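In this text, residue positions in the sequence shown follow the UniProt record's numbering: the first is 1, and each later residue adds one.
Report on one structure; see the data block that follows.
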Amino acid sequence: MTTTHTLVAEELTLAYGERTVIEGLDLAVPAGRITAIVGANASGKSTLLRSMSRLLAPRAGRVLLDGRAVHRMPAKELARTLGLLPQSPIAPEGITVSDLVGRGRHPHQGVFSRWSREDDAAVAAALEATSTTELAERAVDELSGGQRQRVWIAMALAQQTDLLLLDEPTTFLDVSHQIEVLDLLTDLNRVRGTTIVMVLHDLNLAARYADHLVALESGRIHAAGEPGTVLTEDCVRAVFGLESRVIADPISGKPLMLPIGRHHATAPVAAEVRGASEALSPR
Numbered sequence: 001m002t003t004t005h006t007l008v009a010e011e012l013t014l015a016y017g018e019r020t021v022i023e024g025l026d027l028a029v030p031a032g033r034i035t036a037i038v039g040a041n042a043s044g045k046s047t048l049l050r051s052m053s054r055l056l057a058p059r060a061g062r063v064l065l066d067g068r069a070v071h072r073m074p075a076k077e078l079a080r081t082l083g084l085l086p087q088s089p090i091a092p093e094g095i096t097v098s099d100l101v102g103r104g105r106h107p108h109q110g111v112f113s114r115w116s117r118e119d120d121a122a123v124a125a126a127l128e129a130t131s132t133t134e135l136a137e138r139a140v141d142e143l144s145g146g147q148r149q150r151v152w153i154a155m156a157l158a159q160q161t162d163l164l165l166l167d168e169p170t171t172f173l174d175v176s177h178q179i180e181v182l183d184l185l186t187d188l189n190r191v192r193g194t195t196i197v198m199v200l201h202d203l204n205l206a207a208r209y210a211d212h213l214v215a216l217e218s219g220r221i222h223a224a225g226e227p228g229t230v231l232t233e234d235c236v237r238a239v240f241g242l243e244s245r246v247i248a249d250p251i252s253g254k255p256l257m258l259p260i261g262r263h264h265a266t267a268p269v270a271a272e273v274r275g276a277s278e279a280l281s282p283r
């Protein structure tokens with residue numbers, strides 16, 4: 001079932017002290033879809049995600065969840081609808097997988113409430129959805145990078161939120177574990193209808209997995225829309241200062257960006273890239 005919650009940024013300006021990072025930004029997150037935020041280092045990607053999850057108050061403008069300003073919502077109420085997985089989270093030393101995932105139930109518990117059957121069911125469902133049931137009694141710090149990331153996602157799922165924000169969920173993972181995590185997030189979106197917003201560095205993975213791309217450049221949106229309209233050679237040049245060729249991904253049909261370095265521009269590979277671009281580009 002697709003979520004109908006709306007998450008919108010209006011005239012959003014964000015700053016750290018005197019340094020403005022995001023200025024006058026407007027963004028509407030498509031409900032029930034996967035959105036990837038891309039951009040160069042220090043373009044404001046993680047800062048934007050922090051503000052959308054209430055961790056950073058805006059200097060101007062606002063972030064609205066279902067028409068309500070997130071920074072005025074009680075923390076527990078917000079956490080029952082919106083979950084955040086920050087970049088490189090750190091688990092308490094020695095904590096088991098089941099205990100960590102159980103912490104996702106905190107927003108649903110009152111001051112005097114006890115652990116319930118509903119909590120047990122939510123944790124079990126989160127472990128099953130992320131294929132981590134067999135890891136339940138293992139210490140988190142004993143797991144591989146891919147396993148740990150699945151466990152953190154399970155904790156977010158145990159919150160039973162309809163919106164999930166992830167800051168660089170594939171950082172420090174090898175390519176097989178990157179695909180594993182992104183496949184899992186796609187399953188959550190397709191099966192559960194979870195709205196997903198994630199910051200990604202890899203443009204090609206962002207284009208392959210996302211329904212909607214947002215390209216940030218110096219704190220402003222340079223382009224937003226379907227991957228085919230956003231990931232262009234002009235966009236890569238403007239946002240990253242990089243020459244490239246963008247062709248059709250032979251697997252997904254989505255755009256595939258091939259970077260051109262100084263040592264490639266005049267080499268035979270440049271001609272090969274141009275030929276591939278012409279051959280694979282939609283007619």
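From the three backbone atoms N, C-alpha and C, an ideal C-beta is built for every residue, glycine too.
Values in this document were obtained by computation on a predicted structure and should not be read as measured data.
Candidates the options: closest to residue i by CA position
i, options, result
"S252", "T6, A31, A206, A36", "A206"
"V70", "I196, A9, H212, T170", "A9"
"Q147", "L184, I260, R262, R19", "L184"
"A42", "R19, V29, G24, A60", "R19"
"Y16", "R50, E226, I221, R117", "R50"
Sequence-distant residues of the same chain with beta carbon closer than 6 Å to residue i, five excluded per side
i, result
"V191", "none"
"K76", "P107"
"R80", "P107"
"T195", "T3, A31, G32, L163"
Residue range of the alpha helix (DSSP H) that includes residue i
i, result
"L157", "145 to 158"
"E180", "175 to 187"
"V140", "Careful: V140 lies outside any alpha helix (DSSP H) and carries neither H nor E."
Beta-carbon spacing of residue i, residue j below 8 Å
i, j, result
"V21", "G145", "no"
"P86", "L14", "no"
"H212", "R33", "yes"
"A91", "L84", "no"
"L65", "L7", "yes"
"L165", "M73", "no"
"T35", "A210", "yes"
"I37", "L188", "no"
Inter-residue CB distance, residue i and residue j (contact presumed, cutoff 8 Å)
i, j, result
"K45", "V199", "5 Å"
"V151", "L143", "7 Å"
"L82", "T161", "6 Å"
"T170", "A154", "Their Cβ separation, rounded to whole angstroms, is 17 Å, which puts T170 and A154 out of contact at 8 Å."
"A158", "G102", "7 Å"
"V239", "A40", "6 Å"
Sequence-distant residues of its chain with Cβ nearer than 8 Å to residue i (five each side left out)
i, result
"G94", "A139, D141"
"E137", "T96, V97, S98"
"V181", "G146, Q149, R150, I153, P169, T170, L173"
"L242", "V236, P259, I260"
"T186", "I34, Y209"
Neighbourhood of residue i by C-beta distance below 7 Å, restricted to the same chain and skipping five residues each side
i, result
"E134", "none"
"T47", "L14, V21, I22, L56"
"L231", "L203, A207, L213, V246, P255, M257"
Element boundaries [beta strand (DSSP E), containing residue i]
i, result
"G83", "82 to 85"
"A122", "That residue, A122, is in no beta strand (DSSP E); its alpha helix (DSSP H) goes 117 to 129."
"E18", "Looking at the DSSP string, E18 is not in any beta strand (DSSP E), and its letter there is neither H nor E."
"A60", "60 to 65"
"S88", "Looking at the DSSP string, S88 is not in any beta strand (DSSP E), and its letter there is neither H nor E."
"P255", "255 to 259"
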